[in-house]
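Okay, structure first, notes after.
2 protein chains.
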Amino acid sequence: MAERETRGEDALIQATFAPLASGFPGAFGLKDDCALLTPPAGMDLVLTTDAVAEGVHFFADDAAHDIAWKALAVNVSDLVAKGARPLAYLLALSFPDRPDDAWLAGFQAGLADAQAAFGLSLAGGDTDRRPGPLSIGVTAVGAVPHGRFVQRGTAQPGDLLFLSGTLGDAALGLLLRQDRARAAQMGLDDVSARALVGRYLRPQPKLSLAPAILEFASAAMDVSDGLVKDCGRLARASGVSARIEGVRVPLSEPARTAVEHSPDLFQVVLSGGDDYEVLAAVPPDRADAFRDAAAKSGVAVAEVGQCGDGQDVTVAGRDGRALDVAGGGWDHFPS
Amino acid sequence: MAERETRGEDALIQATFAPLASGFPGAFGLKDDCALLTPPAGMDLVLTTDAVAEGVHFFADDAAHDIAWKALAVNVSDLVAKGARPLAYLLALSFPDRPDDAWLAGFQAGLADAQAAFGLSLAGGDTDRRPGPLSIGVTAVGAVPHGRFVQRGTAQPGDLLFLSGTLGDAALGLLLRQDRARAAQMGLDDVSARALVGRYLRPQPKLSLAPAILEFASAAMDVSDGLVKDCGRLARASGVSARIEGVRVPLSEPARTAVEHSPDLFQVVLSGGDDYEVLAAVPPDRADAFRDAAAKSGVAVAEVGQCGDGQDVTVAGRDGRALDVAGGGWDHFPS
Numbered sequence: 001m002a003e004r005e006t007r008g009e010d011a012l013i014q015a016t017f018a019p020l021a022s023g024f025p026g027a028f029g030l031k032d033d034c035a036l037l038t039p040p041a042g043m044d045l046v047l048t049t050d051a052v053a054e055g056v057h058f059f060a061d062d063a064a065h066d067i068a069w070k071a072l073a074v075n076v077s078d079l080v081a082k083g084a085r086p087l088a089y090l091l092a093l094s095f096p097d098r099p100d101d102a103w104l105a106g107f108q109a110g111l112a113d114a115q116a117a118f119g120l121s122l123a124g125g126d127t128d129r130r131p132g133p134l135s136i137g138v139t140a141v142g143a144v145p146h147g148r149f150v151q152r153g154t155a156q157p158g159d160l161l162f163l164s165g166t167l168g169d170a171a172l173g174l175l176l177r178q179d180r181a182r183a184a185q186m187g188l189d190d191v192s193a194r195a196l197v198g199r200y201l202r203p204q205p206k207l208s209l210a211p212a213i214l215e216f217a218s219a220a221m222d223v224s225d226g227l228v229k230d231c232g233r234l235a236r237a238s239g240v241s242a243r244i245e246g247v248r249v250p251l252s253e254p255a256r257t258a259v260e261h262s263p264d265l266f267q268v269v270l271s272g273g274d275d276y277e278v279l280a281a282v283p284p285d286r287a288d289a290f291r292d293a294a295a296k297s298g299v300a301v302a303e304v305g306q307c308g309d310g311q312d313v314t315v316a317g318r319d320g321r322a323l324d325v326a327g328g329g330w331d332h333f334p335s
Numbered sequence: 001m002a003e004r005e006t007r008g009e010d011a012l013i014q015a016t017f018a019p020l021a022s023g024f025p026g027a028f029g030l031k032d033d034c035a036l037l038t039p040p041a042g043m044d045l046v047l048t049t050d051a052v053a054e055g056v057h058f059f060a061d062d063a064a065h066d067i068a069w070k071a072l073a074v075n076v077s078d079l080v081a082k083g084a085r086p087l088a089y090l091l092a093l094s095f096p097d098r099p100d101d102a103w104l105a106g107f108q109a110g111l112a113d114a115q116a117a118f119g120l121s122l123a124g125g126d127t128d129r130r131p132g133p134l135s136i137g138v139t140a141v142g143a144v145p146h147g148r149f150v151q152r153g154t155a156q157p158g159d160l161l162f163l164s165g166t167l168g169d170a171a172l173g174l175l176l177r178q179d180r181a182r183a184a185q186m187g188l189d190d191v192s193a194r195a196l197v198g199r200y201l202r203p204q205p206k207l208s209l210a211p212a213i214l215e216f217a218s219a220a221m222d223v224s225d226g227l228v229k230d231c232g233r234l235a236r237a238s239g240v241s242a243r244i245e246g247v248r249v250p251l252s253e254p255a256r257t258a259v260e261h262s263p264d265l266f267q268v269v270l271s272g273g274d275d276y277e278v279l280a281a282v283p284p285d286r287a288d289a290f291r292d293a294a295a296k297s298g299v300a301v302a303e304v305g306q307c308g309d310g311q312d313v314t315v316a317g318r319d320g321r322a323l324d325v326a327g328g329g330w331d332h333f334p335s
C-alpha cells in the first residue's frame with residue numbers, strides 16, 4: 001500500500017500542495033481531514049467561497065499560474081471589501097483527469113505567488129476526479145476586528161459611492177482574449193491590448209485599501225459581476241437608491257482609448273464583470289478622510305456617484321444622459 | 001433591473017437558500033459576499049471542505065433530499081472525528097442548468113433536515129452554472145476547545161483502534177444501488193437491501209461521540225475511503241504500524257448476511273468507502289473509559305485492532321489469516 005500511496009491521490013497532495021501549507025501549523029501538513037484555526041484575539045472571522053471553472057471563469061489554455069492566481073484573487077477580493085485581512089484558505093479541486101506535472105508545477109507556483117502577495121496560507125482542501133471542466137473552489141478566511149465587519153446592506157441616503165482602481169479593463173481584456181483582432185477595432189496597440197488581457201487574467205485585489213474601508217465606509221462590496229449589477233445589489237440590500245455618473249467612472253488609458261474609439265464599449269465597461277475593485281459607500285463628512293487614507297495606502301479611489309432615498313439605480317452615460325441598464329451585469333441564471 | 005433580479009441568480013439564492021441561513025446572523029440573509037463568524041470564546045475553529053458530484057458521489061436520479069443530506073453529512077463527519085461541534089457551513093453549487101423547482105424544494109428540505117440533525121446553519125455560499133456534473137461543495141466550520149483538536153497523526157504504539165457503528169454497509173449499499181438484482185446473490189430480502197442502500201444514500205455521522213473522542217482518543221479520523229486505506233493514513237501520519245482483526249470488525253445484520261453468503265464481499269466491507277464512521281486510537285488505559293463514554297452517548301464502538309511499532313498495516317481476515325490489502329480503498333487518482 002505504501003508504494004501505491006506514493007503515486008496516488010495522497011501523493012499528489014503531498015507533492016504539489018503540502019509545500020504551500022508549510023507556514024500554517026493548523027494545516028498539519030495536509031495530512032488531516034480538517035484544518036485548525038485559532039482565531040486571533042479580539043477578531044471576528046470572515047468567510048467566503050468562490051469557484052473558478054474552465055470555460056466559465058477561465059480558458060482551458062490559460063496558464064496554470066494565472067488560473068491559480070485568479071482562484072485566490074477573486075476570494076481575497078471579497079475579504080478586502082469587508083475590511084478584512086486574509087488569513088488562510090481551503091482548496092477544493094476537481095480534475096477530469098490527473099493534470100500533467102508541468103501544469104501542476106505552474107499551478108503550484110501561481111498559488112505560491114498569490115499567497116505571498118495576499119498574505120494568506122493554504123490550510124486544507126479536497127481533491128477529486130470527475131468528468132466536466134477543471135474546477136478550483138476556494139474558501140478564504142480573513143479576520144476583522146470584532147464588530148467591525150463592513151456590510152453590503154448598510155449604505156445610507158447621501159453616502160458617496162467610491163470605486164477603487166479603474167473599471168472595465170478585465171471585461172475589455174476578455175473581449176481581446178476571445179478575439180485578439182478586436183484590438184484594431186478598439187484602436188489599441190499590442191502593449192495596451194496585452195495590459196487589458198492581463199487585467200482579465202490576473203485580478204489585483206486592493207489589499208492595502210482594507211483599513212480605509214474599515215475606518216470610513218458605511219457599506220462596501222467588491223465589483224465582480226459588473227458595476228451596474230453590483231451597485232444595484234448594494235443599493236437594494238441597503239434600501240437606498242444609487243446614481244452613477246458615467247463621466248466619473250475611472251478608466252485606464254487603454255480602456256479610455258477603446259471607449260473613445262468605440263463608444264458602445266462603455267456599456268461593457270459598466271456591465272462587464274471581473275473587475276475585482278471595491279465599491280464603497282462613504283458618508284459625505286468622511287469622504288475627505290477616506291480619500292486621504294486611500295491615497296496613503298497607494299490605491300486610487302474615484303467618487304463615481306451617490307446614494308439617495310428611494311430604490312432606483314440610474315446610470316448617466318459619459319454625455320450625462322441616462323443609460324438603459326436593464327440588462328446589466330453577469331448572471332449565471334438569466335431569466 | 002429589479003424585476004430581472006427577482007428571476008435570476010440572486011432570486012434563486014433568496015428563494016431557496018436564504019431561509020436556511022435565517023438562524024445565523026453572520027449570514028446577512030445571504031445578501032453579502034462574505035459570512036461573519038464570531039468565534040465562541042475559548043474555542044479553536046475547525047475547517048473542512050468536501051464536495052459531492054453527480055456520477056462520482058451520487059447518482060443523477062438520487063433524490064435531491066438525499067443529495068443535500070449527503071453533502072452536509074460527509075463534512076460533518078470530518079468535524080466529529082476531530083471532536084468538534086458543527087457551527088456553520090458555506091455552500092458552493094455548480095449546476096449545468098437551473099434545476100427545476102421541485103428539485104430545488106427537495107434539496108432545500110434535505111439541507112434543512114441535515115442542519116437540524118447536525119446543529120449547524122448555512123452561513124454563505126456561491127452558485128454558478130457550468131457544464132459538467134451537478135456539484136455541491138461544502139465548507140463546514142466547527143468549534144473545539146482551544147488546544148484540544150484531535151489530530152490524525154498522533155496515535156502511539158500500543159493504542160487500541162476503535163471503530164464506531166458498523167462497517168461496509170454503504171459499500172454494499174452502493175453495489176445494490178448499481179444493481180438491485182445483487183440482493184439475491186447476497187441472500188438479502190428487500191428490507192435488508194433497502195437498509196444498506198439507505199446507508200449509502202444518507203450517511204449518519206456520529207455527532208454524539210465527539211465529546212468521547214475529545215476526551216479519550218489520542219488520534220482519530222473519519223472512515224470515508226475504506227477502513228484499509230484510512231487506517232493506513234492514520235498509521236502513516238502517526239509513524240506507527242496498525243493491525244486490524246477482521247473478526248472484530250462490526251457488521252450490521254444485513255452486512256453479516258451478505259458476507260456469510262458471499263465471503264468475497266468482506267473485501268468490499270474492508271475497502272469500500274462511504275462509511276463515515278470514526279476510527280479512533282485510544283491508549284489502553286483509557287479504553288474502558290472511552291467505551292463507557294461511547295455507550296452513554298448512544299454510539300456503539302468496537303475495538304478492531306491495535307497500533308504498534310514499525311509501519312506496516314496488516315489486516316487479518318475473518319478466519320484470522322492475513323488478507324492482501326495492497327489495492328485497498330478508494331483513490332481518485334489511482335496509479
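Protein sequence lines correspond, in order, to chains A and B.
For the first sequence, position 259 (counting from the first letter as 1) is numbered 259 according to the UniProt record's numbering, and the numbering increases by one without interruption.
For the second sequence, position 241 (counting from the first letter as 1) is numbered 241 according to the UniProt record's numbering, and the numbering increases by one without interruption.
Just so it is clear, CB atoms sit at the ideal spot from N, CA and C, and this is done for glycine as well.
Check	Outcome
Candidates G187(A), V301(A), Y89(A), of which the one nearest A217(A) by Cα	V301(A)
Partners in chain A for D275(B), counting only beta-carbon separations shorter than 7 Å	In chain order: nothing, as chain A lies at least about 14 Å away.
Closer than 8 Å to chain A by CB, D128(B)	yes
Nearest-angstrom Cβ-Cβ length linking G165(A) and K206(A), presumed shorter than 8 Å	6 Å
Assumed close pair I213(A), G106(A) - CB separation to whole angstroms, cut-off 8 Å	Rounded, the Cβ-Cβ distance is 33 Å, inconsistent with contact.
Three-state secondary structure (DSSP) of residue 337(B)	As displayed, chain B neither begins before 1 nor continues past 335, which places residue 337(B) out of reach and without an answer.
Cβ-heavy atom distance, P25(A) to the ligand MG, below 7 Å	Here there are no bound small molecules, and the ligand MG is not part of this structure.
Against chain A: residues of the region 178-190 of chain B by CB proximity under 8 Å	none
Buried or exposed (CB count within 10 angstroms, at least 16 for buried), L247(B)	The residue you asked about is not Leu; residue 247(B) is Val in the sequence shown. That one is exposed.
Beta-bridge pairing of L161(B) - partner residues as DSSP gives them	A281(B), G305(B)
CB contact flag (C34(A), T48(B), <8 Å)	yes
Length of the line joining the Cα atoms of L36(B) and V249(B)	43 Å
Contact with chain A by P131(B), beta-carbon distance below 8 Å	yes
Backbone CA spacing between V268(A) and E9(B) [nearest angstrom]	20 Å
Rounded distance between the beta-carbons of G305(A) and L161(A), thought under 8 Å	4 Å
Segment contact, 8 Å Cβ cut-off, at least three pairs: the region 90-106 of chain B with the region 233-240 of chain B	no
For L201(B) and K296(B), believed in contact at Cβ under 8 Å, the rounded distance	About 29 Å; that fails the 8 Å criterion.
Identified DSSP bridge partners for F95(A)	R129(A)
F58(B) in three-state terms, based on DSSP	strand
DSSP bridge partner residues for T49(B) (one or two, in chain order)	T139(B)
Three-state class that DSSP yields for G124(B) in the structure shown	strand
Beta carbon proximity, T38(B) to chain A, threshold 8 Å	yes
Where T38(A) sits in the DSSP three-state scheme	coil
Beta-carbon separation (whole angstroms), L176(B) vs A184(B), contact threshold 8 Å	In fact, because the Cβ distance is near 11 Å, the residues do not count as touching under 8 Å.
contact_flag[the region 126-145 of chain A, the region 274-294 of chain A] where n(CB pairs < 8 Å) is 3 or more	no
Within 7 Å of chain B by C-beta, residues of the region 24-57 of chain A in sequence order	F28, K31, D32, D33, C34, A35, L36, L37, T38, P39, D44, L45, V46, L47, T48, T49, D50, A51, A53, G55, V56
Distance CB(L79(A))-CB(G142(A)) smaller than 8 Å	yes
Residue span of the beta strand (DSSP E) that contains D113(A), given as start and end	From DSSP, D113(A) is part of no beta strand (DSSP E) but of the alpha helix (DSSP H) over 101-118.
Proximity of D128(A) and R152(B) at Cβ, strictly below 8 Å	no
Start and end residues, beta strand (DSSP E) containing D222(A)	219-223
Sub-8 Å separation of V74(B) and V52(B) beta-carbons	yes
CB contact below 8 Å: Q151(B) versus chain A	yes
Any chain A beta carbon closer than 8 Å to T139(B)	yes
V46(B), buried or exposed, once every other Cβ within 10 Å from all chains shown has been counted against 16	buried
Proximity test, Cβ basis, 8 Å: D61(B) and chain A	no
Contact check, I244(A) vs L265(A), beta carbons under 8 Å	no
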